[in-house]
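Chemist: Numbering (my numbering), first residue to last: 26 to 262. Dumping the structure here so I can ask a few things about it.
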């Protein structure tokens, strides 16, 4: 039977074997939601980078750039970390370099550690992701980006949702799977209410980003799966 694991924070990734596995990077609020939305609205590819200056260097190559730190848009970049910014912009054929506090760090870490394949998951592309994993993956690691190395609730809830949907195809192999599934069951009737007291929900709410939160928690908006090819994420339909 196929196997699936959950890593609740990038700080724990060193304890997992990632070679030969499909690593699903999850940063619901908001990096992976931004990546899915950007690719759905015309961006040709997204290059995730860890550092602000590395992202800035792509501007000279004609890339659009997105940078966020501590939930805030970094000055001097086209975008911050709001998926809504990609909805009403002419992006067809453009390339995007992105750096965020947590999501792009998780992506670059998984790549550096030699993951067999890296894909991006969010509520926005949940069904497409699930179908892809059922059809194409044998060993899966769900990597929650968390917040500055700490476990967060929204990424864990989404991981639990994925686990619950894959019960018939995959064998769970660690206690983190049970923790994530428990979080999902506690919140599945009303995810927004369940997450309302969580740290990053509150952080974004204080910044007036409730519209972002509502959008990021809306399932199945896009039928695509971002996959890392070389240095860039591209869409698989």
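Beta carbons are placed, not taken as given, at the ideal position from N, Cα and C, and that holds for glycine.
Nearest to residue 27 by alpha carbon, out of 123, 45 and 194?
Modeler: Position 2 of the chain shown holds residue 27. The residue with the shortest Cα to Cα distance from residue 27 is 194.
Chemist: In whole angstroms, give me the CA-to-CA distance for residue 103 and residue 92.
Modeler: What you label residue 103 is simply residue 78 of the chain shown in a count that begins at 1. What you label residue 92 is simply residue 67 of the chain shown in a count that begins at 1. C-alpha separation (whole angstroms): 8 Å.
Chemist: Can you give the Cα-Cα distance for residue 82 and residue 122, rounded to whole angstroms?
Modeler: Here residue 82 corresponds to residue number 57 of the chain shown, with the count starting at 1. Here residue 122 corresponds to residue number 97 of the chain shown, with the count starting at 1. Answer to the nearest angstrom: the Cα atoms are 9 Å apart.
Chemist: State the start and end residues of the unbroken alpha helix (DSSP H) segment that holds residue 244.
Modeler: Locating residue 244 in the chain shown gives position 219, where the first residue counts as 1. Annotation for residue 244: no alpha helix (DSSP H) segment contains it, and DSSP assigns it neither H nor E.
Chemist: Mind listing, in chain order, the continuous beta strand (DSSP E) runs of no fewer than 3 residues lying wholly within the stretch 127-209?
Modeler: When DSSP assignments are scanned along the stretch 127-209, the uninterrupted stretches of beta strand (DSSP E) that are 3 or more residues long and fall wholly within it turn out to be 142-146, 164-169 and 195-197.
Chemist: Quick check on residue 218: buried or exposed, where buried means 16 or more other Cβ atoms within 10 Å of its Cβ?
Modeler: Here the question's residue 218 lines up with position 193 in the chain shown. Exposed is the call here.
Chemist: Verify whether the separation of the beta carbon atoms of residue 60 and residue 180 is less than 8 Å.
Modeler: Here residue 60 refers to the residue found at position 35 of the chain shown. Here residue 180 refers to the residue found at position 155 of the chain shown. No, the pair does not count as a contact, with Cβ atoms beyond the cut-off.
Chemist: Which term fits residue 255, buried or exposed, when burial requires 16 or more other beta carbons within 10 angstroms of its beta carbon?
Modeler: Here residue 255 refers to the residue found at position 230 when the chain shown is read from its first residue. Classified as exposed, residue 255 has fewer than 16 neighbouring CB atoms from the shown chains inside 10 Å of its CB.
Chemist: Quick one: measure Cβ to Cβ for residue 155 and residue 182, integer angstroms, because I've assumed they're closer than 8 Å.
Modeler: Walking along the chain shown from the start, residue 155 turns up at place 130. Walking along the chain shown from the start, residue 182 turns up at place 157. Incorrect: roughly 15 Å between the Cβ atoms, too far for contact.
Chemist: Are residue 65 and residue 170 touching if we call contact CB-CB under 8 Å?
Modeler: By 1-based counting over the chain shown, the position of residue 65 is 40. By 1-based counting over the chain shown, the position of residue 170 is 145. No, the pair does not count as a contact, with Cβ atoms beyond the cut-off.
Chemist: Along the chain, where does the beta strand (DSSP E) containing residue 220 start, and where does it finish?
Modeler: Walking along the chain shown from the start, residue 220 turns up at place 195. Run containing residue 220: none in the beta strand (DSSP E); it sits in the alpha helix (DSSP H), 216-220.
Chemist: Just the Cα atoms here: how many angstroms apart are residue 86 and residue 133?
Modeler: The count along the chain shown starts at 1 and reaches residue 86 at position 61. The count along the chain shown starts at 1 and reaches residue 133 at position 108. So the alpha carbons of these two residues sit roughly 20 Å apart.
Chemist: Classify residue 131: buried if its beta carbon has 16 or more other beta carbons within 10 angstroms, exposed otherwise.
Modeler: Against the chain shown, residue 131 aligns to sequence position 106. By the neighbour-count rule (16 or more Cβ atoms within 10 Å), residue 131 is buried.
Chemist: Exposed or buried, which one is residue 108 when buried takes at least 16 other CB atoms within 10 Å?
Modeler: As a position in the chain shown, residue 108 is number 83, starting the count at 1. Answer is buried; the Cβ neighbour count reaches 16.
Chemist: Could you please give me the residues that DSSP links to residue 123 through a beta bridge?
Modeler: As a working note, residue 123 is residue 98 in the chain shown. Beta-bridge pairing links residue 123 to 73 and 91.
Chemist: Do the stretch 160-168 and the stretch 34-51 touch if we need at least three Cβ pairs shorter than 8 Å?
Modeler: yes
Chemist: Once you ignore the five residues that flank residue 69 on each side, which residues in its own chain have a CB closer than 7 Å to its CB?
Modeler: Residue 69 sits at position 44 when you count from the first residue of the chain shown. Sequence-distant Cβ neighbours of residue 69 in its own chain, meaning closer than 7 Å and more than five residues away, are 118, 119 and 120.
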